[in-house]
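Just so you know, we're using the working numbering here: the sequence shown kicks off at 22 and counts up by one.
Note that the Cβ used here is the ideal one computed from N, Cα and C, for glycine as well.
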Amino acid sequence: MPTGYSTLIAVLVVAAAGLAAWLISRALDAASLQRADTGPQRLQEFHDALAALGSGQMGDGGLDGISDALKLLFAKEVRYYFRLRHRRSMFAMPSRLFAFVFGTVGLMVPLLAAAEPRLALPPGYGYVLLALAAASLAANRLFGGTLGHIRYTTAQYALEALLIGFSLDWQAWKRRSAAAAPGEEAKVEAEGFALLRALCTAAYAAMAEETRLWGATLSAAEEQFGQKLGK
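Structure follows, in structure tokens:
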């Protein structure tokens with residue numbers, strides 16, 4: 022077998038091995054994601070916690086019980102974005118690696134042929150490898166590899182910052198509540214509810230923004246890919 026064909030086969034074998042490893046990792050991670058407590062039932066669990074609090078099953082926790090249930094609800098969203106971030110990273114890495122390998126080998130084909138004729142590939146193989154490199158980059162963009170990882174990481178950190186800030190504000194509110202003068206209970210309670218509502222509004226705004234960015238990024242990637250195909 023000519024040396025050039027051996028080189029091409031070696032490159033394709035390495036790429037196939039990398040793809041197989043990525044598919045296995047995706048399957049394992051998808052199973053982990055399905056087991057996560059981030060499905061629609063998380064909202065039902067929140068309402069169940071509120072119902073238990075209202076019926077006295079959770080004791081006299083007051084707003085503290087609602088605060089704990091709310092933080093648990095959004096903590097599940099943080100775990101959800103962490104898992105999505107990991108999945109996108111596992112997709113982006115091999116995509117970029119394939120693009121680098123195929124692109125580098127494709128560019129080296131004419132140089133190798135000139136330097137060592139035994140390493141020469143049949144005419145046109147360099148363009149095939151360059152096309153595979155471009156396809157890898159296009160797949161990374163179309164399926165939200167690198168950009169998805171960035172987007173989900175940003176959403177995760179935004180929710181974490183909201184939860185940490187809320188926890189600090191809640192401790193300050195508890196101090197004010199404990200030191201409230203007689204007759205100020207209703208005012209202090211209203212402040213507590215305002216903190217809870219503010220957390221809900223800010224958290225869902227962060228998630229809605231992530232979804233908006235996902236839609237805009239996907240639409241732009243599809244449009245760009247379509248334009249390239251139309252050339």
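Problem set entry | Three-state secondary structure assigned by DSSP to Gly-86 | helix
For this session: For Ala-201, name the three-state secondary structure that DSSP assigns.
Result: coil
For this session: Quick one: give me the first and last residue of the alpha helix (DSSP H) that Gly-147 is part of.
Result: 146 to 163
For this session: Measure the C-alpha to C-alpha separation of Ala-72 and Asp-85 and round it to an integer number of angstroms.
Result: 14 Å
Problem set entry | Alpha-carbon to alpha-carbon, Arg-117 and Asn-161 | 8 Å
Exercise. Is Gly-186 helix, strand or coil by DSSP?
Worked result: helix
Exercise. Excluding sequence positions up to five away, which residues of its chain have a Cβ less than 6 Å from the Cβ of Glu-238?
Worked result: Reading the sequence as shown, one finds Thr at residue 238 and not Glu. Excluding positions up to five away in sequence, the list reads Leu-168.
For this session: Grab me the residues of Ser-188's own chain with a C-beta within less than 8 Å of its C-beta, minus the 5 sequence neighbours each way, in chain order.
Result: Lys-92
Exercise. For Pro-61, which three-state DSSP category applies?
Worked result: coil
Problem set entry | Same chain, Cβ closer than 8 Å to Glu-181, neighbours up to 5 away in sequence not counted | Val-99
Exercise. Cα-Cα, which of Phe-67, Glu-206, Ala-229, Arg-109 is closest to Asp-89?
Worked result: Phe-67
Problem set entry | Proximity to Ser-157 [Cα-Cα], best of Ala-120, Gln-177, Ala-226 | Ala-120
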